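Colleague: Attaching a single structure in structure tokens format; questions to follow.
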Amino acid sequence: MTEATYTCQTVTARQDWVPGKLFSLRVTRPAGFSFEAGQFARLGLPEEDGGAPTLWRAYSMVSGVQDPWLEFYSVVVPDGAFSPRLAALREGDSLYIDKTVFGFLTLSRFADGEDLWLIASGTGLSAYLSMLAEPGLWQQFRRVVIVHGVRTGDELAYRAEIDAWRARAGVHEGAERLVYLPIASRESLPGKPQARLTTLLEDGRLEALAGIALDPARSRIMLCGNPGLLTDARAFLKTRGFLPGRRGIPGNLAVENYW
Ligand SMILES: Cc1cc2nc3c(=O)[nH]c(=O)nc-3n(C[C@H](O)[C@H](O)[C@H](O)COP(=O)(O)OP(=O)(O)OC[C@H]3O[C@@H](n4cnc5c(N)ncnc54)[C@H](O)[C@@H]3O)c2cc1C
Ligand SMILES: NC(=O)c1ccc[n+]([C@@H]2O[C@H](COP(=O)([O-])OP(=O)(O)OC[C@H]3O[C@@H](n4cnc5c(N)ncnc54)[C@H](OP(=O)(O)O)[C@@H]3O)[C@@H](O)[C@H]2O)c1
1 MTEATYTCQT VTARQDWVPG KLFSLRVTRP AGFSFEAGQF ARLGLPEEDG
51 GAPTLWRAYS MVSGVQDPWL EFYSVVVPDG AFSPRLAALR EGDSLYIDKT
101 VFGFLTLSRF ADGEDLWLIA SGTGLSAYLS MLAEPGLWQQ FRRVVIVHGV
151 RTGDELAYRA EIDAWRARAG VHEGAERLVY LPIASRESLP GKPQARLTTL
201 LEDGRLEALA GIALDPARSR IMLCGNPGLL TDARAFLKTR GFLPGRRGIP
251 GNLAVENYW
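Numbering (full-length UniProt numbering), first residue to last: 1 to 259.
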């Protein structure tokens with residue numbers, strides 16, 4: 001990675017959702033940095049203070065495509081090379097960003113569809129937050145279901161922001177246009193089953209909770225986060241008629257593994 005391929009940006013704000021585990025950083029946006037909602041940046045940090053960036057990791061943009069800043073939401077992997085360093089950044093610190101943006105988990109993957117299911121585990125939620133700010137999402141889809149699977153309720157970051165989008169989205173034929181399903185696997189949340197998302201998908205409870213049936217003709221599904229979850233969810237969804245697009249044929253499923 002040479003200096004010509006990245007820029008140095010400045011952290012302008014941070015939020016700790018679960019201290020020591022989950023946090024967000026807002027940083028200055030490089031000039032000319034444009035992206036589609038759902039894409040990711042490569043963030044860089046030096047191994048030693050003041051050095052050139054040598055550690056690079058993928059991070060989905062949380063911020064909307066029109067926002068004048070970039071925002072990223074991160075977990076801290078305690079023995080990870082990158083995330084503890086990222087977590088140590090404070091306002092005024094430098095963060096390097098590759099000039100190129102990457103990724104195909106975007107709304108352009110779906111040519112049509114009526115109901116959009118955005119299913120995430122943990123920080124996989126990041127990519128979907130950027131999508132909520134897309135006017136095209138609300139023009140294309142009648143209803144949107146955000147499913148966020150976490151270990152415990154305190155990890156339900158951005159809950160207030162999603163509720164604000166819910167209020168703004170309003171109703172369609174008497175039903176909320178944005179359905180938000182926060183699900184915890186290691187504690188019980190009021191009115192929600194304590195379970196993994198794969199279990200709720202397979203036994204039909206996810207559809208019952210949303211009040212919307214999964215239908216390959218009408219539903220479009222995105223999966224983002226833990227690769228084990230995604231592999232199992234993808235295998236189950238295949239039995240229900242959901243497949244990613246290939247060779248120019250639009251699909252009804254889009255998947256992004258975080259590791
Ligand atoms: C396309 C893409 C987009 C990504 N977007 C984000 C994002 O928006 N936010 C984010 O926090 N991470 C994101 N990641 C993961 C991120 O790139 C790093 O893997 C993460 O920051 C950990 O880096 P690390 O060096 O500390 O540990 P690594 O050595 O990279 O990972 C070590 C282990 O930690 C676990 N792990 C890694 N990432 C996560 C995670 N996000 N949640 C739970 N467990 C994890 C896995 O078991 C992994 O094997 C994304 C990855 C990809 C491929
Ligand atoms: N959460 C913590 O206590 C904690 C604390 C410090 C650091 N960390 C770091 O954070 C990382 C974990 O982050 P995270 O909790 O956001 O992500 P995660 O482990 O992917 O868990 C998120 C959700 O996905 C579920 N899940 C995991 N594997 C699955 C599979 N194969 N099939 C179906 N569902 C699955 C989990 O259920 P289960 O609950 O059943 O696993 C949980 O509901 C670890 O790598 C660790 O380094 C975690």
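Where is the CB? At the ideal position from N, CA and C, for every residue including glycine.
Predicted, not measured: the structure shown is a model, and the values here were computed from it.
Let me check understanding here. Comparing Cα to Cα, which of Gly122, Leu214, Gly149, Ala52 lies closest to Ser94?
Modeller: Taking only the C-alpha atoms, the option nearest Ser94 is Ala52.
Colleague: Okay, do the segment 29 to 46 and the segment 91 to 107 touch, 3+ Cβ pairs below 8 Å being the bar?
Modeller: Counting Cβ pairs under 8 Å, three or more are found: they touch.
Colleague: Taking the Cβ atom as the reference point for each residue, do Leu22 and Val11 lie within a distance shorter than 8 Å?
Modeller: Not in contact: Leu22 and Val11 (Cβ atoms no closer than 8 Å).
Colleague: Under 5 Å from any heavy atom of ligand 2, by CB: list those residues in chain order, please.
Modeller: Qualifying residues come out as Lys21, Val75, Val77, Ser121, Gly122, Gly149, Arg151, Ser185, Arg186, Arg196, Thr198, Asn226, Gly228, Leu229.
Colleague: Compare the Cα-Cα distances from Phe242 to each of Val76, Gly113, Ala184 and report the closest residue.
Modeller: The residue with the shortest Cα to Cα distance from Phe242 is Gly113.
Colleague: Have a look at Phe82, Glu36, Val75 and flag the residue whose alpha-carbon is nearest the alpha-carbon of Trp56.
Modeller: Among Phe82, Glu36, Val75, the Cα nearest to that of Trp56 is on Phe82.
Colleague: Using the rule of at least 16 other Cβ atoms within 10 Å of the residue's Cβ for burial, across every protein chain shown, is Thr106 buried or exposed?
Modeller: Thr106 comes out buried.
Colleague: Only counting the same chain, and skipping five residues up and downstream in sequence, which positions put a Cβ closer than 7 Å to that of Leu214?
Modeller: Same-chain partners within the cutoff: Glu207, Arg240.
Colleague: Any heavy atom of ligand 1 closer than 7 Å to the Cβ of Tyr258?
Modeller: Tyr258 Cβ: within cutoff of ligand 1.
Colleague: According to DSSP, Thr106 sits in a beta bridge with which residue or residues?
Modeller: Note: Thr106 sits in no beta bridge, so no partner.
Colleague: Is the closest heavy atom of ligand 1 to the C-beta of Arg57 under 7 Å?
Modeller: Correct: Arg57 has its Cβ closer than 7 Å to ligand 1.
Colleague: Would you kindly work out how many angstroms separate the C-alpha atoms of Leu181 and Gly248, rounded to a whole number?
Modeller: Answer to the nearest angstrom: the Cα atoms are 32 Å apart.
Colleague: Quick one: Cα of Leu223 to Cα of Gly122, how far?
Modeller: Cα to Cα, Leu223 sits roughly 12 Å from Gly122.
Colleague: Below 6 Å CB to CB, which residues in the same chain sit around Arg196 once its five sequence neighbours on both sides are set aside?
Modeller: The answer, listed in chain order, is Ser185.
Colleague: Using the three-state DSSP reduction, which class does Tyr128 fall into: helix, strand or coil?
Modeller: In this structure, Tyr128 counts as helix in the three-state DSSP scheme.
Colleague: DSSP three-state label for Pro46, please.
Modeller: The answer is strand: DSSP assigns Pro46 an E or B state.
Colleague: Measuring from the CB of Ser130, is there a heavy atom of ligand 1 at a distance below 7 Å?
Modeller: Flag unset: Cβ of Ser130 not near ligand 1.
Colleague: Smallest Cα separation from Arg218: which of Glu176, Val65, Arg142?
Modeller: Checking every option, the nearest Cα to that of Arg218 belongs to Arg142.
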